[in-house]
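Visitor: A single structure is presented below for examination.
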Amino acid sequence: SPTSAGVEIEHLTQNVLKSYRETCQLRAEDLQLRRWDTFSREEVCAYQRKPMEEMWQRCAGRITEAIQYVVEFAKRLRGFMDLCQNDQIVLLKAGAMEVVLVRMCRAFNADNRTVFFEGKYAGAELFRSLGCHELISSIFDFAQSLCALHFSESEVALFSALVLVNANRPWLQDQAKVARLQGHLDVAFRVLLRRTRREGLLARLPPPGRLRALCSQHVEQLQAFRRLHPGVLHAAFPPLYRELFA
Amino acid sequence: QEKHRILHKLLQNGNS
C-alpha cells in the first residue's frame, strides 16, 4: 500500500543518514570550524620539497583511510550486505573512490580553494611534487562545483549511497537486485528533496561520467607514477589501495 | 575473489 511504501522509504532514509553519520570520518562542524586553518608558506614548501614517491605514498594513505570509511558506510546500508559478495565487491571497486570524491566537498573550502589534508587546509600547489597537476586541478574543480550545490549532510548521504549502488556497473551478477535497491534509494532521495523544497538540485548533480573520468584519470596517473618508480607501489603503498587501483 | 582479498576481509568483518 502507498502508506507502507512510504514508511519503508522513511526507514531507508533514516538508515542511510545513520550509516553516513557513523562513517563520515570528519564531522562537518569540525571541518567548518577549521576551514581557515591553512598551511603556512613554510609548511607548503616543505610538502613541495618532498620526493614524489613520498608524496604519492602519503596521498595513497589518506585515500585508503577515506575508502575504509566508505566500505563501512556500504556495510551499514540496508540491503547492501544482502547482495551477493561478487556484487558488493564490484560496487565498491567501481564506486568507493567516487564516493570519496563526493565526500571531499565537505572538506573543501570553496572560498580559497583549499582542501583538508593531514590536519590543515591545503591549496592545489601543496600537491606539486605528485607531478600530476591536471588531475589535482580537475579534482579541485570538481569539489568547487559540488560546493556550489550547497549540499546538506542528508543530501551528501543519499547522493553518495546512489553513487555506490549503481546497477550500471559492469560485471554485476544480479543486476536486478542492485537495480531494486538503487530504485529505493532514488525514491528516498527524491522524497527528501521534495520535503526540503530542493527538487532543483536533481538537474544540477554532476553527470556520472564526470566522476568516472576523474577516477580513470587517477588510475592513469598511478600507472605513469609506477613506470617512473617501479617497485615503490608494491613496497610502500597500502595493500587496499593496490588492490583497488593497481 | 583472491584478487580482492582485502576488500573481502573488510566486508566479512562484522559492522565494526
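If you read the sequences in order, they're chains L and D.
Position in the first sequence counted from 1, then plus 777, gives you the numbering used here.
Position in the second sequence counted from 1, then plus 212, gives you the numbering used here.
All C-beta atoms, glycine included, are put in the ideal place defined by N, C-alpha and C.
Consult DSSP for residue 1035 (chain L) and reduce its assignment to one of helix, strand or coil.
Guide: The shown model of chain L, from 778 to 1023, leaves out residue 1035 (chain L), and the question about it has no answer.
Visitor: Residues of chain D with CB closer than 7 Å to the CB of residue 869 (chain L), please, in chain order.
Guide: Against chain D, the beta carbon of residue 869 (chain L) has neighbours under 7 Å at 219, listed in chain order.
Visitor: Runs of 4 residues minimum, wholly inside the region 810–862 of chain L: which ones carry the alpha helix (DSSP H) assignment?
Guide: Complete alpha helix (DSSP H) runs here, min 4: 818–826, 829–853.
Visitor: Got a sec, what are the start and stop residues for the beta strand (DSSP E) residue 891 (chain L) sits in?
Guide: 891–894
Visitor: Using a Cβ-Cβ cutoff of 8 Å, what residues of the region 1002–1023 of chain L are near chain D? List them in chain order.
Guide: 1016, 1017, 1020, 1021
Visitor: So with CB distances below 7 Å, who are the chain D contacts of residue 950 (chain L)?
Guide: Those do not exist, as residue 950 (chain L) stays about 13 Å from chain D at its closest Cβ, beyond 7 Å.
Visitor: With residue 792 (chain L) and residue 860 (chain L) assumed to form a contact (beta carbons below 8 Å), what rounded beta-carbon distance in angstroms separates them?
Guide: Not really, about 15 Å apart at Cβ, beyond 8 Å.
Visitor: For a contact meaning CB atoms closer than 7 Å, what does residue 954 (chain L) contact in chain D?
Guide: Within 7 Å Cβ-Cβ: nothing; residue 954 (chain L) doesn't reach chain D, min ~16 Å.
Visitor: Can you tell me where the beta strand (DSSP E) with residue 899 (chain L) in it begins and where it stops?
Guide: Annotation: the continuous beta strand (DSSP E) that includes residue 899 (chain L) extends over 897–900.
Visitor: Any beta carbon of chain D sitting closer than 7 Å to that of residue 998 (chain L)?
Guide: No - not a single Cβ of chain D is within 7 Å of the one on residue 998 (chain L).
Visitor: Residue range of the alpha helix (DSSP H) that residue 922 (chain L) falls in?
Guide: In the DSSP annotation of this structure, the continuous segment of the alpha helix (DSSP H) that includes residue 922 (chain L) starts and ends at 910–924.
Visitor: With 7 Å as the threshold, decide whether the Cβ of residue 866 (chain L) is near any Cβ in chain D.
Guide: yes
Visitor: Identify each residue in the region 835–857 of chain L for which the Cβ-Cβ distance to at least one residue of chain D is less than 9 Å, and report them in chain order.
Guide: 845, 848, 849, 851, 852, 853
Visitor: From residue 817 (chain L) to residue 837 (chain L), what does the alpha carbon distance come to, in whole angstroms?
Guide: 23 Å
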